[in-house]
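K.L.:
Number of protein chains: 2
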Amino acid sequence: MYSSELIKGTLKTIVLKLLSENDKMYGYEITQKVKELTGGKIQLTEGALYPTLHAMEANGILTTHTVNVGNRIRKYYSVTKTGKQVAKEKVNEFEDFMHTMMFLLDLKPKMG
Amino acid sequence: MYSSELIKGTLKTIVLKLLSENDKMYGYEITQKVKELTGGKIQLTEGALYPTLHAMEANGILTTHTVNVGNRIRKYYSVTKTGKQVAKEKVNEFEDFMHTMMFLLDLKPKMG
DNA sequence: AATAATACATAAGAATATTATGTATATAAA
DNA sequence: TTTATATACATAATATTCTTATGTATTATT
Chain W
34 MYSSELIKGT LKTIVLKLLS ENDKMYGYEI TQKVKELTGG KIQLTEGALY PTLHAMEANG
94 ILTTHTVNVG NRIRKYYSVT KTGKQVAKEK VNEFEDFMHT MMFLLDLKPK MG
Chain Y
34 MYSSELIKGT LKTIVLKLLS ENDKMYGYEI TQKVKELTGG KIQLTEGALY PTLHAMEANG
94 ILTTHTVNVG NRIRKYYSVT KTGKQVAKEK VNEFEDFMHT MMFLLDLKPK MG
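First to last, the protein sequences are chains W and Y. Here the first sequence is numbered in my numbering, starting from 34 and rising by one per residue. Here the second sequence is numbered in my numbering, starting from 34 and rising by one per residue.
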């Protein structure tokens, strides 16, 4: 598990990337998939995930449809056309940022 | 310039890395160095930087000495022995995190 | 019967950053 | 010469984002 501050700001990027590759996923499924894919190193909390999903739906980035599975509710999220664009931009921005950070963190001292 | 949420949580890592490679730097110098090294893509704000520096000093990660340059004050920060260890850990953790994120973001869809 | 897993949601509080404001000197431009 | 920009610190109000806690409810496991 990474320190919480490290992961801040990456939640939307992670969720949008996953959703843009799997045409529908529900909240709990997203948490499990991320946990599985990262070997438990990233565990999304519900308190962070659900409000973010709601916000992205309100912003037209995601759409939902609710399904009853037995007696339980399952709310599937999908990226809209706009959402796909946002997902691409987010991922591109993050990759750019990672390169910048790699440069910064590998930086040799510049004396004087 | 990156979206602000993207940079959240990386401030300490950036500052500690820079300070662990340059045995002393002052706040304004740090903002300028980061701006220069990232081609303006990361611009630390004073409102974020100074409180963080103060906190790290209070935690024994940094030490300071103040110098008068002309009639202006300049407060130099240096990493302590503890701080060097923390810097290494922060950078290592970030590199690990970046690899995890690269994997996640390059992820191919797993249908079914 | 009790616990863990599935599945949603929200509220209180903590942490971190943005934006705005303040002080003050030094330099460059109009 | 006065105005704007750069240097250099600091803090307060606000906003954002996350953690932790709480709540409801079903299903599966021990």
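Ideal Cβ placement from N, Cα and C applies to all residues, glycine included.
Can you confirm whether glycine 80 of chain Y, when its beta carbon is compared against all beta carbons of chain W, has any partner nearer than 7 angstroms?
P.N.:
Position 47 of the second sequence holds residue 80 of chain Y. Not closer than 7 angstroms to any Cβ of chain W, the Cβ of glycine 80 of chain Y fails to qualify, so no.
K.L.:
Going by DSSP, what residue range makes up the alpha helix (DSSP H) through leucine 153 of chain W?
P.N.:
Residue 153 of chain W is absent from the model: chain W starts at 34 and stops at 145.
K.L.:
Could you tell me the distance, in whole angstroms, from the CA atom of proline 84 of chain Y to the CA atom of leucine 52 of chain W?
P.N.:
Looking up residue 84 of chain Y in the second sequence gives position 51. Looking up residue 52 of chain W in the first sequence gives position 19. Rounded to the nearest whole angstrom, the C-alpha separation of proline 84 of chain Y and leucine 52 of chain W is 37 angstroms.
K.L.:
Please list the partners that valine 124 of chain W has in chain Y, where partner means a Cβ-to-Cβ separation under 8 angstroms.
P.N.:
The residue given as residue 124 of chain W occupies position 91 in the first sequence. Result: Leu138.
K.L.:
Indicate whether isoleucine 94 of chain W and glycine 60 of chain W have their beta-carbon atoms separated by less than 7 angstroms.
P.N.:
Here the question's residue 94 of chain W lines up with position 61 in the first sequence. Here the question's residue 60 of chain W lines up with position 27 in the first sequence. No, Cβ-Cβ distance for isoleucine 94 of chain W and glycine 60 of chain W is not below 7 angstroms.
K.L.:
Measure the alpha-carbon distance for threonine 71 of chain Y versus leucine 86 of chain W and round it to whole angstroms.
P.N.:
Residue numbering aside, residue 71 of chain Y sits at position 38 when the second sequence is read from its first letter. Residue numbering aside, residue 86 of chain W sits at position 53 when the first sequence is read from its first letter. Going by the C-alpha atoms only, they are around 32 angstroms apart.
K.L.:
Going straight from the alpha carbon of tyrosine 35 of chain Y to that of isoleucine 75 of chain Y, what length do you get?
P.N.:
Reading the second sequence from its first residue, position 2 is the one you call residue 35 of chain Y. Reading the second sequence from its first residue, position 42 is the one you call residue 75 of chain Y. Taking the straight line from one Cα to the other gives about 7 angstroms.
K.L.:
Check the Cβ-Cβ distances between methionine 131 of chain W and every residue of chain Y, and say whether any is below 7 angstroms.
P.N.:
Residue 131 of chain W sits at position 98 when you count from the first residue of the first sequence. Closer than 7 angstroms: yes.
K.L.:
Measure the alpha-carbon distance for valine 102 of chain W versus lysine 66 of chain W and round it to whole angstroms.
P.N.:
Mapped onto the first sequence, residue 102 of chain W falls at position 69. Mapped onto the first sequence, residue 66 of chain W falls at position 33. Straight-line Cα distance between these residues: approximately 19 angstroms.
K.L.:
Give me the DSSP bridge partner(s) of lysine 108 of chain Y.
P.N.:
Along the second sequence, read from residue 1 onward, the residue named residue 108 of chain Y stands at position 75. Looking at the DSSP assignment, lysine 108 of chain Y forms a beta bridge with Y/Thr99.
K.L.:
Out of Y/Ala81, Y/Lys50 and Y/Gly42, which one is the CA nearest neighbour of valine 119 of chain Y?
P.N.:
Your numbering for residue 119 of chain Y matches position 86 in the second sequence. Ranked by Cα distance from valine 119 of chain Y, the first of Y/Ala81, Y/Lys50 and Y/Gly42 is Y/Lys50.
K.L.:
Please report how far the alpha carbon of glutamate 122 of chain Y lies from the alpha carbon of isoleucine 106 of chain W, in whole angstroms.
P.N.:
Taking the second sequence and counting its residues from 1, the one referred to as residue 122 of chain Y is at position 89. Taking the first sequence and counting its residues from 1, the one referred to as residue 106 of chain W is at position 73. Going from the Cα of glutamate 122 of chain Y to the Cα of isoleucine 106 of chain W covers about 42 angstroms.
K.L.:
Taking C-beta to C-beta, are glycine 80 of chain Y and lysine 41 of chain W nearer than 7 angstroms?
P.N.:
Numbered from 1 along the second sequence, position 47 holds the residue referred to as residue 80 of chain Y. Numbered from 1 along the first sequence, position 8 holds the residue referred to as residue 41 of chain W. No; because the gap between Cβ atoms is not below 7 angstroms, this pair is not in contact.
K.L.:
With a 10 Å radius around its C-beta and 16 neighbouring C-beta atoms as the bar for buried, classify phenylalanine 130 of chain W as buried or exposed.
P.N.:
Working through the first sequence from its first residue, we reach residue 130 of chain W at position 97. Phenylalanine 130 of chain W should be labelled buried.
K.L.:
Starting from the beta carbon of threonine 71 of chain W, find every residue of chain Y whose beta carbon is closer than 8 angstroms, and list them in chain order.
P.N.:
Residue mapping note: residue 71 of chain W aligns to position 38 of the first sequence, counting from 1. Chain Y residues near threonine 71 of chain W: Thr133, Phe136 and Leu137.
K.L.:
Would you mind working out which of W/Val100, W/Thr78, W/Met134 and W/Tyr110 sits nearest alanine 91 of chain W, comparing C-alpha positions?
P.N.:
Reading the first sequence from its first residue, position 58 is the one you call residue 91 of chain W. The option with the nearest alpha carbon to alanine 91 of chain W is W/Tyr110.
K.L.:
Take the Cβ of methionine 135 of chain Y as the centre, count every other Cβ of all protein chains shown within 10 Å, and call the residue buried at 16 or more, exposed below.
P.N.:
Taking the first residue of the second sequence as 1, we reach residue 135 of chain Y at position 102. Under this definition methionine 135 of chain Y is an exposed residue.
K.L.:
Exposed or buried, which one is glycine 145 of chain Y when buried takes at least 16 other CB atoms within 10 Å?
P.N.:
Working through the second sequence from its first residue, we reach residue 145 of chain Y at position 112. The predicted position of glycine 145 of chain Y is uncertain, since its pLDDT is 37 and thus under 50; a value taken from the coordinates is nonetheless stated next. Exposed: under 16 other Cβ atoms inside 10 Å.
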